[in-house]
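Participant:
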Amino acid sequence: MFAISLGDGAELRPLEPWQAEEFLAHIDRGREYIGRHVGLPDVAADLGSARGWLQSYADKAATDTGRLYGIWLDGLLVGGVLFRVFDAGNGSCEAGCWLEPAAAGRGLVTRAVRVIIDWAIEERGMHRVEWLVSSENTPSINVAKRLGMSRDGVQRENHLYRGVRQNTEIWSVLAPEWRAARGTR
Ligand SMILES: CC(C)(COP(=O)(O)OP(=O)(O)OC[C@H]1O[C@@H](n2cnc3c(N)ncnc32)[C@H](O)[C@@H]1OP(=O)(O)O)[C@@H](O)C(=O)NCCC(=O)NCCS
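Residues 18 to 202 in our numbering are what the sequence shown spells out, letter by letter.
1) Alpha carbon to alpha carbon, what distance is there between A78 and G87?
2) Is the Cβ-Cβ distance between V55 and C110 less than 9 Å?
3) Count the CB pairs spanning the segment 165–175 and the segment 117–134 that are closer than 8 Å, and state whether there are at least three.
4) Starting from D25, trace the alpha helix (DSSP H) both ways and give me its first and last residue.
5) CB-CB under 7 Å to V102, same chain, minus the five flanking residues each way: which ones, in chain order?
6) Which same chain residues, not among the five before or five after A120, have their C-beta less than 6 Å away from its C-beta?
7) Would you say the beta carbon of V60 comes nearer than 8 Å to a heavy atom of ligand 1?
8) Determine the extent of the alpha helix (DSSP H) in which A75 is found, giving its start and end residues.
9) Judging by CA-CA distance, which residue of I187, R128 and A198 is the nearest neighbour of E153?
10) Is M143 closer than 9 Å to G92 when the C-beta atoms are compared?
11) What do you reckon, is the C-beta of Y86 under 8 Å from a heavy atom of ligand 1?
12) With a threshold of 8 Å, establish whether the CB of L93 neighbours any heavy atom of ligand 3.
13) Inspect the beta-carbon positions of A37 and E28 and report whether they are closer than 9 Å.
14) Would you say the beta carbon of A120 comes nearer than 8 Å to a heavy atom of ligand 1?
15) Does the Cβ of C114 lie closer than 8 Å to at least one heavy atom of ligand 1?
16) I'd like to know whether the C-beta atoms of T201 and V160 end up nearer to each other than 9 Å.
17) Which one of T185, R46 and E39 has the shortest CA to CA distance from I158?
18) Since L57 and Y74 should fall inside the 8 Å C-beta cutoff, what is the C-beta to C-beta distance between them, to a whole number of angstroms?
19) Is the closest heavy atom of ligand 1 to the C-beta of N175 under 8 Å?
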């Protein structure tokens, strides 16, 4: 299977339904940390639902409406990046990410998202890449900033998560901005 080096022993690889057990073990290691702002641990509650979520992304890949990749550090699955939405006709997509806590603080997600944004813009002709994030999720907002994204605005109290209404910030980068910043990355 192909792998893209992210440096420092980390690799970006496809993450597919046959890897459901490995994926569930990873989510179990990060369940509380990942679940503070995103519902991924809830949709991967057990082996069946973990496989089902991976299958939903295999289906998205087959229809060119989304993509999912895992991040392995020294051979251990520690996180992932994805296109939750991928609209090739409209030239827009929404990227996202997660890590288990032991893998945070090393720049892995920033490097992995750069790889998939490069692919989306340079190979697939995407014009706009979005990043939707709870206004409480400072580490993820910092990723958007490191990627050179701009804050488009905020959807006030649009998302009910674990009984609390969340504001969702929308960040984005456009293809000309991404290319213009290439030399500075
Ligand atoms: C969002 C999330 C992935 C961010 O993780 P992260 O480790 O902070 O992000 P990165 O992998 O890009 O690493 C950046 C950190 O590594 C540091 N770093 C070290 N080496 C680095 C390098 N070569 N390049 C960039 N950053 C580096 C940065 O300084 C930064 O640390 P800081 O925030 O303390 O300054 C993580 O908090 C998470 O999984 N949260 C739960 C799930 C979630 O909320 N997902 C996002 C939904 S919108």
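Virtual Cβ for every residue (Gly too), placed ideally from N, Cα, C.
Facilitator: So, from the listed chains and residues:
1) 14 Å
2) no
3) no
4) Taken as a continuous stretch (DSSP letters only), D25 belongs to no alpha helix (DSSP H), as it is neither H nor E.
5) G83, C110 and E111
6) L90, V95 and G96
7) no
8) L64 to A79
9) I187
10) no
11) no
12) No copy of ligand 3 occurs in the structure displayed; its ligands are ligand 1 alone.
13) no
14) yes
15) yes
16) no
17) T185
18) Not a contact, Cβ separation roughly 12 Å.
19) no
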